[in-house]
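> Questions regarding the structure given below will be posed in turn.
Numbering (UniProt numbering), first residue to last: 1 to 118.
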């Protein structure tokens, strides 16, 4: 199953509404990087509100997606991180240094605009 990636101006919006298995996570990573390249996107908001739990592999993929996006010149804001997901990310040692986070999609877009315009 593929995760939809929506374009809004120079931004990409992703709301993960499905359970992330290994194959879905890898497809998402590949699709997102291709979309950044095609569209020349400067900012990405990844909404994790519907993600209740992640395993170590998915945690690594999320960290990798953020790092790869940054290498391609796109800033990432993660929104809606649930407590269990935050705990897993920290316990797995996924470093999200410098990554903006927000409680919801609206705040995430505001932070992205501030980051790119400021």
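No residue lacks a Cβ here, since even glycine has one placed at the ideal position from N, Cα and C.
1. Does the Cβ-Cβ distance between residue 82 and residue 52 come in under 8 Å?
2. By how many angstroms is the C-alpha of residue 1 removed from the C-alpha of residue 91?
3. Should the segment 25-38 be regarded as contacting the segment 67-75, the criterion being three or more beta carbon pairs within less than 8 Å?
4. Residue 104 to residue 23, Cα distance in whole Å?
5. Can you check DSSP and say which residues form a bridge with residue 11?
6. Alpha carbon to alpha carbon, what distance is there between residue 62 and residue 17?
7. In chain order, which continuous runs of the alpha helix (DSSP H) of length 4 or greater are located wholly inside the UniProt domain "STAS" (1-112)?
8. With distances taken from CA atoms, which of 9, 60 and 74 is nearest residue 33?
9. Under 8 Å by Cβ, that's how I've got residue 118 and residue 77 pegged, so tell me the actual separation to the nearest angstrom.
For this structure:
1. yes
2. 28 Å
3. yes
4. 26 Å
5. 8 and 43
6. Rounded to the nearest whole angstrom, the CA to CA distance from residue 17 to residue 62 is 15 Å.
7. 22-39, 56-71 and 83-91
8. Between residue 33 and the set 9, 60 and 74, the nearest pair of CA atoms involves 74.
9. Contact doesn't hold; Cβ gap of about 14 Å is too wide.
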